[in-house]
Amino acid sequence: MNRGLILKFENLLQLRGACRQLRTLSYRKVNRAQWKPLQSSARPMWSLLYPQFWQKDKLISVALSQHRHLATKKETKKKKKVLLTKGEVEIRQKMTVEELARAMDHIYEALLYTDINLDSLEPDSILYEDHIKLIVKKSGMKYKSAKLKEEKERENTDAVKRPPADPAVLTPRPPVVTILGHVDHGKTTLLDSLRKTQVASMEAGGITQHIGAFLVHLPSGEKITFLDTPGHAAFSAMRARGTHVTDIVILVVAAEDGVMQQTIESIQHAKNAGVPLILAINKCDKPEADPERVKKELLAHDVVCEEFGGDVQAVNISALKGENLMVLAEATVALAEMLELKADATGLVEGTVIESRKDKGKGPVTTAIIQRGTLRKGCVLVAGKTWAKVRFMFDENGKAVDAASPGIPVEIMGWKEVPSAGDEILEVESEQRAHEVVDWRTYVEQQERMKRDMEVIEAKQKEHRIEYEEKQQKLAHLTWRQRKAVLYKANKHLMFSKPKERTEMAKNVLSVIVKGDVDGSVEAILNILDSYDADDECKLDIIHFGMGDISETDISLAEAFNGVVFGFSVKANESIKKLAAKKGIQIKLHTVIYKLIEDLKDELNSRLPTSVVENTIGEASVLDIFFVTVGKNKIPVAGCRVQKGLLDKKMKFKLIRNGDVIWKGSLSSLKHHKDDVQVIKMGMDCGLSLDKYTELNIGDEIICYEEEEVQQTTSWDPGF
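With my numbering, letter number 199 in the sequence shown gets 199, and the count goes up by one each step, no holes.
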């Protein structure tokens, strides 16, 4: 028989033995109790023709039967593992630097010959597929693409609002009224007078720092929910949020100041939300008050009072003295009746987070307004990417309540994390359902972040690719060995530098940690910092932000990044202050937002390099030139007259000719009537010679000056 055919036949016999073993193992798995080794004495027909092959097949079967065992998961994985040939790297899309480094050697050297910015690389930095292939090629290896696993589309498990309720089940609810206006026009004082508490005296600097939601009971028995929003420029986002949950806006304008910047902004917020206005002209008790001027100024902003043929009610009040407050309340109730405000008090709860904070005793706490359903203890809520099982509820006075119906503000305890102000609150059926909703929202956010990151990465890579191509064009006339040498010299200092040294090589950076009392305050500060546009002077890096008092973690972060901790309406206990002092970390605490921003600007200024300014002390004109022999050399001496100030030999001098600076340095001599002097005053004549400079002309100007180092200031304007 042909030798090749015999070899093939032997291979088939081996395969047959292996298949028999697999069948036996499968039989054992199904019938564990009855399993017995397969022992068949029957000989197949072909064994009569080729007895030598049958004998070999029998030996293989016996050998396999002595080593029968069930394969473990680990062994199965080993079998499935793709074997790579030497010098081959398995690559896939979106590999990180760390993953590629584990897959191949000499990654750093290979990176030097690519257009990737090494300073921007971190172990978890994602590499573009083109760059991965280029790195592998530059290292002298081959790449092999890994098979991509198709990700199954995830089912949407988010919670959504219920369909609109049947009008038959709707019941009347209190109106939600937002008080808007310019800073210090008396909004908090007005609300204080309505609910008879001293809120204004507790506010830092008399400025409301965050939203307060209060339920006011009027003598007539009516209830009104008021939202007091900040009037300061920094809190624009909070005012906008307040209008989205409100039914009526009371616009407070001071009678002596008239329409101001935040007044106009408040009008715009109300228009955007489609909410009706009531005009409250405050401080009418002052002698300089002019309510009519206020009404006329508002005409320019499409706020037309009833007396001018419009539909806006105007009430002249004095919040401080309590004048006409009931008239304002009655006007609010009347407008609410016209709007026919009703809500569904049954079914799952819907609401909005007005404010959130982290309380030491209570944990994460939110102030919310219920818009649908009735909130009770034990309800499971979701808001943003967190959830709560309601443990306790409190009213604005800190009194525990058992239920909150639509239109009622309430403080909620039981949140796992602090939700963001403005988040929608939805009740769900169970804690398991809450977990599903939060997981889905976290997943969606991660996908969106990945998409944004990839867009940024691709844009950067395109920019680097263009830069790389330009570099290659400049080196096109060189041989590949010369190009390699040039690139190596250009990047050698980075290869051998430590990470800390690379950081020092970077431009000035101010790393900040922002802590606030409530979510809205932190949001306002971050909104201001978002407007920072002077990275070319000093980079502003917000490494952490959050709510609550300054903690040891904040100090550790600040130490790691050489940063500064800014706190707004929070505290730092003595142990934290001592720890910060020991580590050289600055803690800057403030209760008024514009003072915090000013302090941050001062810190930015301190990080900027100083600039040298020349202050002129005196000016002199060259009237004549004569020469003095010193040894074998003739030295030119300028005969001058001081025109302004004085000349001081200790100071620096410069020579100006036709408006250009020709020379800078010091004087080698200064004489008056052949006497050496230190100072020549205005109007006096003198002779002077310049150090290491001999080319003097009649008509030249000699300027005496001193250099002063001046601290630069940032060009960033936060708008205050």
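Ideal placement from N, C-alpha and C gives every residue a C-beta, glycine not left out.
>> If I measure Cβ to Cβ from Thr114 and keep anything under 8 angstroms in the same chain, skipping five residues before and after, which residues do I get?
In response: For the purposes of this step, residue 114 is taken as the residue at position 114 of the sequence shown. Correct list, in chain order: His131, Leu134, Ile135, Lys138, Tyr468.
>> I want to know whether the segment 349-363 touches the segment 419-426 - three or more CB-CB distances under 8 angstroms.
In response: Yes, the segment 349-363 is in contact with the segment 419-426.
>> On the DSSP bridge list, what partners appear for Ile370?
In response: Taking the first residue of the sequence shown as position 1, residue 370 is located at position 370. Per DSSP, Gly351.
> At what residue ranges does the segment 535-568 contain a whole run of the alpha helix (DSSP H), taking only runs of 4 or more?
Replying inline: 552-561
> Is DSSP giving Glu323 helix, strand or coil here?
Replying inline: Numbered from 1 along the sequence shown, position 323 holds the residue referred to as residue 323. Correct three-state label for Glu323: strand.
>> For His590, report the span of its beta strand (DSSP E) as first-last.
In response: Taking the sequence shown and counting its residues from 1, the one referred to as residue 590 is at position 590. Its beta strand (DSSP E) spans residues 586-590.
> Looking at the structure shown, is Trp415 part of a helix, part of a strand, or coil, going by DSSP?
Replying inline: For the purposes of this step, residue 415 is taken as the residue at position 415 of the sequence shown. The answer is strand: DSSP assigns Trp415 an E or B state.
> In this structure, does DSSP put Trp663 in helix, strand or coil?
Replying inline: Locating residue 663 in the sequence shown gives position 663, where the first residue counts as 1. Strand at Trp663.
> For Ile789, which option in Val642, Lys460, Leu339, Lys342 has the closest C-alpha, if you only look at C-alpha atoms?
Replying inline: Residue 789 lies beyond the stretch modelled for the chain, which goes from 1 to 720, so this question has no answer here.
> Shorter than 8 angstroms from the beta carbon of Glu323 to some beta carbon of chain C?
Replying inline: Among the chains of the structure shown, chain C does not appear; only one protein chain is present.
>> Measuring straight from C-alpha to C-alpha, what distance separates Leu604 and Asp717?
In response: Working through the sequence shown from its first residue, we reach residue 604 at position 604. Working through the sequence shown from its first residue, we reach residue 717 at position 717. Computed Cα separation, rounded: 12 angstroms.
> Could you give the residue range of the beta strand (DSSP E) that holds Asp685?
Replying inline: Along the sequence shown, read from residue 1 onward, the residue named residue 685 stands at position 685. Taken as a continuous stretch (DSSP letters only), the beta strand (DSSP E) holding Asp685 covers 685-690.
> Could you give the distance in angstroms between the alpha-carbon of Glu265 and the alpha-carbon of Leu325?
Replying inline: Taking the sequence shown and counting its residues from 1, one reaches residue 265 at position 265. Taking the sequence shown and counting its residues from 1, one reaches residue 325 at position 325. Each residue's alpha carbon lies about 25 angstroms from the other.
>> To the nearest angstrom, how far is the alpha carbon of Gly384 from that of Glu109?
In response: Position 384 of the sequence shown, counted from the first residue, corresponds to residue 384. Position 109 of the sequence shown, counted from the first residue, corresponds to residue 109. About 45 angstroms.
> Going along the chain, which residues of its own chain have a beta-carbon closer than 7 angstroms to the beta-carbon of Leu277, five neighbours each way excluded?
Replying inline: Along the sequence shown, one-based indexing puts residue 277 at 277. If we look at Leu277 and ignore the five residues flanking it on each side, its Cβ neighbours are Val249, Leu251, Ala270, Val303, Val312.
> Helix, strand or coil: how does DSSP classify Ser236 here?
Replying inline: Residue numbering aside, residue 236 sits at position 236 when the sequence shown is read from its first letter. No answer about Ser236 holds up, because its pLDDT of 49 lies below 50 and its placement is not dependable.
>> Can you tell me whether Gln711 is helix, strand or coil according to DSSP?
In response: On the sequence shown, position 711 is the one that residue 711 refers to. Correct three-state label for Gln711: strand.
>> Can you check which of these residues, Ile179, Asn156, Val89, is closest to Tyr143 by C-alpha distance?
In response: Translated into the one-based positions of the sequence shown, residue 143 becomes position 143. Cα-wise, what sits closest to Tyr143 is Val89.
>> Can you tell me whether His269 is helix, strand or coil according to DSSP?
In response: Within the sequence shown, the letter at position 269 stands for residue 269. If DSSP states are grouped into helix, strand and coil, His269 belongs with the helices.
> With burial defined as no fewer than 16 other Cβ atoms inside 10 Å of the residue's Cβ, what is the status of His590: buried or exposed?
Replying inline: Indexing the sequence shown from 1 puts residue 590 at position 590. So His590 ends up on the buried side.
>> Count Cβ pairs between the segment 593-610 and the segment 578-585 that sit closer than 8 angstroms; are there 3 or more?
In response: Short answer: they don't touch.
>> If distances are taken between C-alpha atoms only, which option among Val294, Cys686, Glu436 comes closest to Arg154?
In response: Position 154 of the sequence shown, counted from the start, is the residue given in the question as residue 154. It is Glu436.
> Which whole-angstrom value describes the C-beta separation of Ile555 and Lys583, a residue pair presumed to lie in contact below a C-beta threshold of 8 angstroms?
Replying inline: Residue numbering aside, residue 555 sits at position 555 when the sequence shown is read from its first letter. Residue numbering aside, residue 583 sits at position 583 when the sequence shown is read from its first letter. Indeed they touch by this definition, with Cβ atoms about 6 angstroms apart.
> Which one or two residues does DSSP pair with Met454 in a beta bridge?
Replying inline: What you label residue 454 is simply residue 454 of the sequence shown in a count that begins at 1. DSSP, once it has assigned bridges, lists no residue as partnering Met454.
>> Helix, strand or coil, according to DSSP, for Ile132 in the structure here?
In response: Along the sequence shown, one-based indexing puts residue 132 at 132. Three-state DSSP puts Ile132 in a helix.
> Hey, would you say Ser444 sits closer than 8 angstroms to Thr386, going by beta carbons?
Replying inline: Reading the sequence shown from its first residue, position 444 is the one you call residue 444. Reading the sequence shown from its first residue, position 386 is the one you call residue 386. A quick correction: the sequence has Val, not Ser, at residue 444. In this structure, Thr386 does not lie closer than 8 angstroms to Val444 by Cβ.
> Can you tell me whether DSSP reads Ala289 as helix, strand or coil?
Replying inline: Looking up residue 289 in the sequence shown gives position 289. Coil, per DSSP.
> Who are the near neighbours of Lys664 in its chain, counting only those whose CB is closer than 6 angstroms to its CB and skipping five residues on each side?
Replying inline: Indexing the sequence shown from 1 puts residue 664 at position 664. Once the five neighbours on either side are set aside, the close Cβ partners of Lys664 are Lys654.
>> Per the DSSP calculation, Gly618 is bridged to which residue(s)?
In response: In the sequence shown, residue 618 corresponds to position 618, counting from 1. Answer is Gly645, Cys704.
> Taking the beta strand (DSSP E) that Leu596 falls in, what are its first and last residues?
Replying inline: For the purposes of this step, residue 596 is identified with residue 596 of the sequence shown, where counting begins at 1. Per DSSP, Leu596 belongs to no beta strand (DSSP E); it is in the alpha helix (DSSP H), 593-607.
>> What does the alpha-carbon distance come out to for the pair Met413 and Glu256?
In response: Along the sequence shown, one-based indexing puts residue 413 at 413. Along the sequence shown, one-based indexing puts residue 256 at 256. Distance between the alpha carbons of Met413 and Glu256 is about 43 angstroms.
>> Whole angstroms are fine: how far does the CA of Lys416 sit from the CA of Gln446?
In response: Here residue 446 refers to the residue found at position 446 of the sequence shown. Here residue 416 refers to the residue found at position 416 of the sequence shown. One C-alpha to the other measures close to 20 angstroms.
> Are the beta-carbon atoms belonging to Val518 and Arg357 less than 8 angstroms from one another?
Replying inline: Position 518 of the sequence shown, counted from the start, is the residue given in the question as residue 518. Position 357 of the sequence shown, counted from the start, is the residue given in the question as residue 357. It is a contact, given that the beta carbons lie within the stated cut-off.
>> I'd like to know if the segment 698-705 and the segment 520-538 are in contact, where contact means that at least 3 CB-CB pairs between them fall below 8 angstroms.
In response: no
>> Using the Cβ count rule (16 or more neighbours within 10 Å means buried), how would you classify Pro163?
In response: Looking up residue 163 in the sequence shown gives position 163. Exposed.
> Candidates Leu298, Glu470, Ala336: which alpha carbon is nearest Asp247's?
Replying inline: If you number the sequence shown from 1, residue 247 lands on position 247. Checking every option, the nearest Cα to that of Asp247 belongs to Ala336.
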